[in-house]
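Residue numbers (the working numbering): 6 to 266.
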């Protein structure tokens with residue numbers, strides 16, 4: 006039987022718990038490690054859809070790791086993955102789908118198996134009061150609308166969603182990442198945009214959210230991995246542990262993400 010290169014966060018959380026029991030009896034060593042950790046940097050590359058959730062987790066992580074500075078870079082998963090493959094310095098990569106992460110694994114840029122930690126679905130975001138009267142995917146055929154570029158996870162999901170609905174409508178504009186789509190919507194430059202639920206939630210009153218038919222059939226699952234060229238793999242693993250922990254999962258849920266499995 007073929008084994009998936011991706012693991013779910015639940016198994017990782019159990020391993021982390023076992024490790025914490027071992028470390029609990031090593032108070033002196035732990036103290037020395039905390040001292041050595043001062044003025045260290047953890048560089049995390051993450052899909053744009055993770056912005057708000059990872060910003061919150063950055064605060065938690067830095068509180069737990071005295072002297073560590075977390076540096077977060079957000080963009081399209083496709084852009085970040087290509088940067089990693091080309092050798093960009095970073096410790097951790099989190100993408101918005103498994104397909105994009107698989108390219109990083111195949112390029113031998115991942116240190117171990119990626120861990121699945123969250124899921125996301127598409128919704129339709131419109132400007133307040135929905136001036137284009139977009140009530141569902143079928144209305145996009147008569148509306149101006151924005152999507153992500155097709156090589157990005159959110160753009161690929163949008164294409165699949167439109168295909169499921171039999172909708173042949175062409176988007177008015179294609180943006181590099183989901184935040185770009187939201188910007189087009191909030192500025193009123195389009196009637197609607199296909200975005201992740203988490204991003205529509207983050208936009209608050211700047212958008213109205215319309216449920217997209219068949220969205221439950223187009224679910225993207227987010228993987229995370231420490232990178233093989235990381236200069237701080239220990240901190241990278243700690244970040245992955247936080248993201249997959251109960252605390253991390255609670256933060257992700259608060260920002261509109263679903264579970265990985």
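The beta-carbon is built from N, C-alpha and C at its ideal position, and this holds for glycine as well.
Once DSSP output is grouped into helix, strand and coil, what is the label at residue i?
i, result
"residue 149", "coil"
"residue 186", "helix"
"residue 218", "coil"
"residue 253", "helix"
"residue 89", "helix"
"residue 263", "strand"
"residue 74", "strand"
"residue 42", "Below a pLDDT of 50, predicted positions are generally treated as unreliable, and residue 42, at 43, falls in that range; the measurement from the model is reported next regardless. Residue 42 falls in the coil class under three-state DSSP."
"residue 258", "helix"
In the DSSP assignment, find the unbroken beta strand (DSSP E) run with residue i in it and report its ends.
i, result
"residue 213", "213-215"
"residue 100", "That residue, residue 100, is in no beta strand (DSSP E); it is neither H nor E in DSSP."
"residue 51", "45-52"
"residue 231", "224-231"
Straight-line CA distance for residue i to residue j?
i, j, result
"residue 131", "residue 199", "9 Å"
"residue 210", "residue 184", "15 Å"
"residue 230", "residue 204", "22 Å"
"residue 208", "residue 194", "16 Å"
"residue 98", "residue 137", "37 Å"
"residue 266", "residue 92", "31 Å"
"residue 153", "residue 163", "8 Å"
"residue 247", "residue 100", "16 Å"
"residue 226", "residue 45", "30 Å"
"residue 160", "residue 228", "17 Å"
"residue 179", "residue 186", "8 Å"
"residue 175", "residue 150", "8 Å"
"residue 192", "residue 66", "34 Å"
"residue 89", "residue 235", "11 Å"
"residue 139", "residue 170", "15 Å"
"residue 63", "residue 76", "8 Å"
"residue 73", "residue 261", "28 Å"
"residue 53", "residue 158", "11 Å"
"residue 212", "residue 182", "17 Å"
"residue 78", "residue 206", "21 Å"
"residue 60", "residue 141", "31 Å"
"residue 32", "residue 241", "In this prediction, residue 32 scores a pLDDT of 44, lower than 50, which makes its location untrustworthy; the coordinate-derived value is nonetheless stated afterwards. Their Cα atoms are separated by approximately 22 Å."
"residue 202", "residue 112", "31 Å"
"residue 156", "residue 82", "9 Å"
"residue 135", "residue 216", "13 Å"
Considering residue i, what are the terminal residues of the alpha helix (DSSP H) in which it resides?
i, result
"residue 81", "From DSSP, residue 81 is part of no alpha helix (DSSP H); its letter is neither H nor E."
"residue 248", "238-249"
"residue 158", "158-169"
"residue 174", "Here residue 174 belongs to no alpha helix (DSSP H), and DSSP marks it neither H nor E."
"residue 65", "56-69"
"residue 196", "First-last for residue 196: undefined, no H or E at that position."
By alpha-carbon positions, which one of the options ends up nearest to residue i?
i, options, result
"residue 224", "121, 44, 61", "121"
"residue 239", "55, 50, 70", "70"
"residue 232", "189, 107, 54", "107"
"residue 145", "126, 115, 206, 218", "218"
"residue 94", "237, 263, 254, 251", "237"
"residue 48", "255, 251, 244, 250", "244"
"residue 148", "86, 59, 190", "190"
"residue 222", "126, 241, 142", "126"
"residue 124", "251, 103, 110, 50", "103"
Determine, using beta carbons only, whether residue i comes closer than 7 Å to chain B.
i, result
"residue 211", "This model lacks chain B altogether; it includes just one protein chain."
Checklist line | 3 or more residues per run - each beta strand (DSSP E) lying fully within the segment 108-139 | finding: 120-131
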